[in-house]
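For reference, the structure discussed in these notes is given below.
Protein chains in written order, with the working numbering: chain A, 3 to 141; chain B, 3 to 141; chain C, 7 to 85; chain D, 7 to 85.
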């Protein structure tokens, strides 16, 4: 089963791995992105994720379809969480099942790379000192 | 926390992901190997895994130490299950947390490759027709 | 013709709006629209932004049509 | 001197044993030991097998010592 989702709920890796199950699959690769306690050396207490919801869902579905065409994979899960997330929280998951591990690793890697390039989601860092700033805002 | 284990028990991915948790980690990559329903086109009902136990544990620990030296990773989990496993069962898990995804993907991939090359574990295929045979036995 | 323009992240902050309706005299490209209406309030030049029309990424020479949903946003930074 | 030799997978099947104690007249290499005691019952030549001594992989010119734990096994196939 494929899953493409933008969500405000907790991401549960077990549920995602269940979606991948397939008796013909020998390899599952799961990537989890989590909120870090620092960015470029500055302490952080978490992130706020802004999203363009309908476009983001359309984009992750499109990325999934590309991966299915380009790699020998069985099932694909791409889920991105939005809202305010404290350090340690899972913000994004990309998971793939395939007969063999070459395809599973390649597709999972391409999946997260494309999510980060093309899905309309923006991060605002909540710095440990109480201030906050959008990523890439040079003003 | 690092985990290196040869086990006869069910492998629980959630527990492995918990072991990886680290506020400085932004990337987790989990590889799961599962028992497939066919091998080289022939239907199978499962695998029996034989093991040289003490050496296998020593080897996975050594692989973990190599990965820590070679890649910028935080925590490593390598667990291999042995015994008779039906189709769909998780037989091996390699999981890595790191600040960034480049290191997490590279270390997880190197980890499973080295497990398959060097850990003294052998597979006997239980074919769907009731016969069985060790992998690599050309006799 | 009119188009609905959406803003996110610091584009929304700078516009003081998440969305705005614009009435255009006639058809124009995304870049022409940006230069006429947005470069001033957004403060950064054309190359600093990404654009979508009806939820597909486009470049500056995409033509706008009546009823289009346009987003003018910073580079994405999800993950 | 004596060494304990372990067999796994189809090496165990062919030996009808998971382990066997061998008494050696004197020191010898892994390859010499294999050719003298194991090539016949195992049926495949030296290059078809892997060898460990005291749980480290070794090649054929590793020297055997009294009390060593040796494994003679097929290529590994885990995962």
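We put the beta carbon where it would ideally sit given N, CA and C, even for glycine.
Rounded to the nearest angstrom, how far is the Cβ of residue i from that of residue j, given a contact under 8 Å?
| i | j | result |
| --- | --- | --- |
| residue 48(A) | residue 15(A) | Incorrect: roughly 20 Å between the Cβ atoms, too far for contact. |
| residue 118(B) | residue 85(D) | 4 Å |
| residue 79(B) | residue 4(B) | 7 Å |
| residue 10(C) | residue 75(C) | 5 Å |
Flag this pair as yes or no: are the beta carbons of residue i and residue j separated by less than 9 Å?
| i | j | result |
| --- | --- | --- |
| residue 28(B) | residue 95(B) | no |
| residue 153(B) | residue 15(D) | The question about residue 153(B) has no answer, for chain B in this structure spans 3 to 141. |
| residue 32(B) | residue 97(B) | yes |
| residue 113(A) | residue 37(A) | no |
| residue 79(C) | residue 52(C) | no |
| residue 26(D) | residue 66(D) | no |
| residue 22(B) | residue 77(B) | yes |
| residue 12(D) | residue 54(D) | no |
| residue 140(B) | residue 134(B) | no |
| residue 137(B) | residue 83(D) | yes |
| residue 7(B) | residue 67(B) | no |
| residue 12(A) | residue 62(A) | no |
| residue 30(B) | residue 105(B) | no |
| residue 40(A) | residue 26(B) | yes |
| residue 61(C) | residue 10(A) | no |
| residue 120(B) | residue 63(D) | yes |
Nearest chain B C-beta to residue i closer than 9 Å, yes or no?
| i | result |
| --- | --- |
| residue 114(A) | yes |
| residue 53(D) | no |
| residue 50(D) | yes |
| residue 105(A) | no |
| residue 44(A) | no |
| residue 59(A) | no |
| residue 47(D) | no |
| residue 12(D) | yes |
| residue 84(D) | yes |
| residue 23(D) | no |
| residue 8(D) | no |
| residue 19(D) | yes |
| residue 16(D) | yes |
Please check if any C-beta of chain A sits within less than 9 Å of the C-beta of residue i.
| i | result |
| --- | --- |
| residue 65(C) | no |
| residue 56(C) | yes |
| residue 101(B) | yes |
| residue 109(B) | no |
| residue 79(C) | yes |
I'd like to know if residue i contacts chain C, where contact means its C-beta is closer than 9 Å to some C-beta of that chain.
| i | result |
| --- | --- |
| residue 13(A) | no |
| residue 139(A) | yes |
| residue 6(A) | no |
| residue 47(A) | no |
| residue 56(A) | yes |
When you compare the CB of residue i with every CB in chain D, is at least one pair closer than 9 Å?
| i | result |
| --- | --- |
| residue 93(B) | yes |
| residue 98(B) | no |
Hey, would you say the C-beta of residue i is under 8 Å away from at least one heavy atom of the ligand HEM?
| i | result |
| --- | --- |
| residue 101(A) | This structure lacks the ligand HEM, and indeed carries no ligand of any kind. |
Meets three-Cβ-pair contact criterion under 8 Å: the stretch 130-140 of chain A and the stretch 69-77 of chain A: They do not touch, by the three-pair rule.
Selection of the stretch 20-36 of chain B by Cβ proximity to chain A, strictly under 7 Å: Those would be 23, 25, 26, 27, 28, 29, 30, 31, 32, 33, 34, 35 and 36, in chain order.
The stretch 38-58 of chain D touching the stretch 13-33 of chain C, judged by at least three CB pairs closer than 8 Å: By the criterion of at least three beta-carbon pairs nearer than 8 Å, the stretch 38-58 of chain D is not in contact with the stretch 13-33 of chain C.
Cβ pair count under 8 Å reaching 3, the stretch 76-91 of chain A against the stretch 51-68 of chain A: Because the criterion of three Cβ pairs below 8 Å is met, the stretch 76-91 of chain A and the stretch 51-68 of chain A touch.
Cβ contact check for the stretch 67-78 of chain C and the stretch 30-43 of chain D: 3 or more pairs under 8 Å: Result no; under three Cβ-Cβ pairs closer than 8 Å.
Interface residues of the stretch 64-90 of chain A facing chain B [CB-CB below 9 Å]: Here the close residues are 89 and 90.
Contact list for the stretch 119-137 of chain B against chain D, Cβ threshold 8 Å: Going along the stretch 119-137 of chain B in chain order, one finds 119, 120, 121, 122, 123, 124, 125, 126, 136 and 137 with a Cβ nearer than 8 Å to chain D.
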